[in-house]
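Below is one structure, written out as structure tokens; the observations come after it.
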Amino acid sequence: ALFTFHFSLFTASDAKVYIDITSPALRKLPISISYTGPAAAVQIAGIAENDLDFTGIFYFIDPDVAGAEIRVSINVEVLEEIKAEVEVFDLIANRTVLNKRYRADRKYLRALAHGIANDVFEVVTGRKGVFRTKLAYIVNSGNKKWLYLTDWDGYNPVRIVSKGLSASHSWSPDARYFIYSSERNRKWNIYSLDLKSYREKVLFSSKGLNLVGGISPDNRVAFSSSRDGSLEIYVMNINGTGIKKLTRSYGIDVSPVFSPDGSRIAFVSDRGGSPQIYVMNSNGRGVKRVTFEGPYNTSPAWSPDGKWIAYVGRKNGKNQVFMIKSDSTDLRQLTSTGNNENPSFSPDGMFISFDSDRGGNKNIYLMSINGERERRITPRKIKAMNPRWSPYLKK
Numbered sequence: 417a418l419f420t421f422h423f424s425l426f427t428a429s430d431a432k433v434y435i436d437i438t439s440p441a442l443r444k445l446p447i448s449i450s451y452t453g454p455a456a457a458v459q460i461a462g463i464a465e466n467d468l469d470f471t472g473i474f475y476f477i478d479p480d481v482a483g484a485e486i487r488v489s490i491n492v493e494v495l496e497e498i499k500a501e502v503e504v505f506d507l508i509a510n511r512t513v514l515n516k517r518y519r520a521d522r523k524y525l526r527a528l529a530h531g532i533a534n535d536v537f538e539v540v541t542g543r544k545g546v547f548r549t550k551l552a553y554i555v556n557s558g559n560k561k562w563l564y565l566t567d568w569d570g571y572n573p574v575r576i577v578s579k580g581l582s583a584s585h586s587w588s589p590d591a592r593y594f595i596y597s598s599e600r601n602r603k604w605n606i607y608s609l610d611l612k613s614y615r616e617k618v619l620f621s622s623k624g625l626n627l628v629g630g631i632s633p634d635n636r637v638a639f640s641s642s643r644d645g646s647l648e649i650y651v652m653n654i655n656g657t658g659i660k661k662l663t664r665s666y667g668i669d670v671s672p673v674f675s676p677d678g679s680r681i682a683f684v685s686d687r688g689g690s691p692q693i694y695v696m697n698s699n700g701r702g703v704k705r706v707t708f709e710g711p712y713n714t715s716p717a718w719s720p721d722g723k724w725i726a727y728v729g730r731k732n733g734k735n736q737v738f739m740i741k742s743d744s745t746d747l748r749q750l751t752s753t754g755n756n757e758n759p760s761f762s763p764d765g766m767f768i769s770f771d772s773d774r775g776g777n778k779n780i781y782l783m784s785i786n787g788e789r790e791r792r793i794t795p796r797k798i799k800a801m802n803p804r805w806s807p808y809l810k811k
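Counting in the working numbering, the sequence shown runs from 417 upward without gaps.
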């Protein structure tokens, strides 16, 4: 096991939500984080604080100064493995709301720290944290495009596909499989990678271009293929069976992504003369246009609650990330510097990952869903693009 946990306090009946993160009048919660132990304690506390700080809902107080309402105490011991005991104390109610022990191999120090941040976030907000999720993205290295996985904050990058030219990609709902398009020997196929065994297999192969879109909660894969001439949208089971064609338009239909409940598919089509975002039922019927502002709108991504679609729109000659409700109301521009593309929501809907060339090379960035608190998570020296945020991962 990666690491183990032992609860000694805190049950659901004890739960109190200290911050309603959906409230428009959000007040930052004053919190302090203290630690005892060797150098690993400094690292663990720093990683956990960095995680919590990015949410924008905490105000950090020096542990030696009064004013905090929540006190987090981390006691660390390192022998053959790392042991940590964490107490979250409500200074207003004068009670412990969480006391938990953690154990991990030394090489999993960052994972342990992210786990602590998740638990603190959940006990304070009543919502799951995303600090142990992953991001997948493409690195352009010369004439190669390789797929990488990394922690949510950009640490521990691992190359998972190093063959051919990788393009579009998507996680299965349980994060067990990674589905992606790759060009090898001048042929674009759709592949599946088992992230436990790292075994790869071909799911779909045909002439022309074949590009993965999104995957439904019941493991149907949406993709676009030019097998019959123009790019149209298809669905198939995650094992490659049950292929069904959904669109038959005179234009190009690409980038299909399932809504979180699997009932609808957002996609891009130029059937109206320019690339725009459309939504249809998952059986291909009931097509409705969503975007009407701007001449070029692509790369749709659903929010986890199914209310919003993030997408890329061209404005003043630059590509920017926008967000709009699926009924075409409440359009919001989220980025403004450089070219910004390929948005992907975190599983809690609080953040969006995207790529941007604002620093020269394309890199992966994160931001809150209001477009604030932007953070670059990949090194400037590499060319990284097309991030896809993982679902929640099992501990």
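Beta carbons are placed, not taken as given, at the ideal position from N, Cα and C, and that holds for glycine. The structure presented is a predicted model; accordingly, all values stated were derived computationally and were not measured.
- Our two residues, residue 646 and residue 700, have alpha carbons roughly 17 Å apart in a direct line.
- Rounded to the nearest angstrom, the Cβ distance from residue 670 to residue 716 is 10 Å, too far for a contact under 8 Å.
- At the C-beta level, residue 662 and residue 681 come within 9 Å of one another.
- Cα atoms of residue 449 and residue 455: separation of roughly 15 Å, rounded to the nearest angstrom.
- The region 742-752 and the region 521-537 do not touch, with fewer than 3 CB-CB distances between them shorter than 8 Å.
- Ranked by Cα distance from residue 503, the first of 496, 537, 481 is 537.
- Shown here, residue 524 sits in a helix according to DSSP, grouped into three states.
- The three-state secondary structure of residue 468, taken from DSSP, is helix.
- Bounds of any beta strand (DSSP E) do not take in residue 568, whose DSSP letter is neither H nor E.
- By the beta-carbon neighbour count (other beta carbons within 10 angstroms, threshold 16), residue 508 is exposed.
- In the assembly as shown, residue 655 is an exposed residue. Its beta-carbon has fewer than 16 other beta-carbons within 10 Å.
- Contact between the region 792-805 and the region 547-558 is present, with at least three C-beta pairs closer than 8 Å.
- Counting only runs of at least 3 residues, the region 711-795 fully encloses the following beta strand (DSSP E) elements, listed from N- to C-terminal order: 713-718, 724-731, 734-741, 756-761, 767-775, 777-784.
- Residue pairing for residue 474: DSSP places it in a beta bridge opposite 445.
- Taking C-beta separations shorter than 6 Å and ignoring five residues to either side along the sequence, the partners of residue 452 in its chain run 491, following chain order.
- With distances taken between CA atoms, residue 615 lies nearest to 593 out of 599, 630, 593, 634.
- Residue 675 and residue 627 do not touch by the CB rule: their CB atoms are close to 19 Å apart, not below 8 Å.
- Shown here, residue 509 sits in coil according to DSSP, grouped into three states, outside any helix or strand.
- Within the model, the alpha-carbon separation for residue 762 versus residue 768 is close to 6 Å.
- Along the length of the region 608-640, whole beta strand (DSSP E) runs at least 3 residues long occupy 616-621, 626-631, reported in chain order.
- Counting along the chain, residue 648 sits inside the beta strand (DSSP E) bounded by residues 648-653.
- Of the candidates 608, 623, 587, 623 places its Cα closest to the Cα of residue 602.
- When the Cα atoms are used, residue 777 and residue 790 turn out to be separated by approximately 17 Å.
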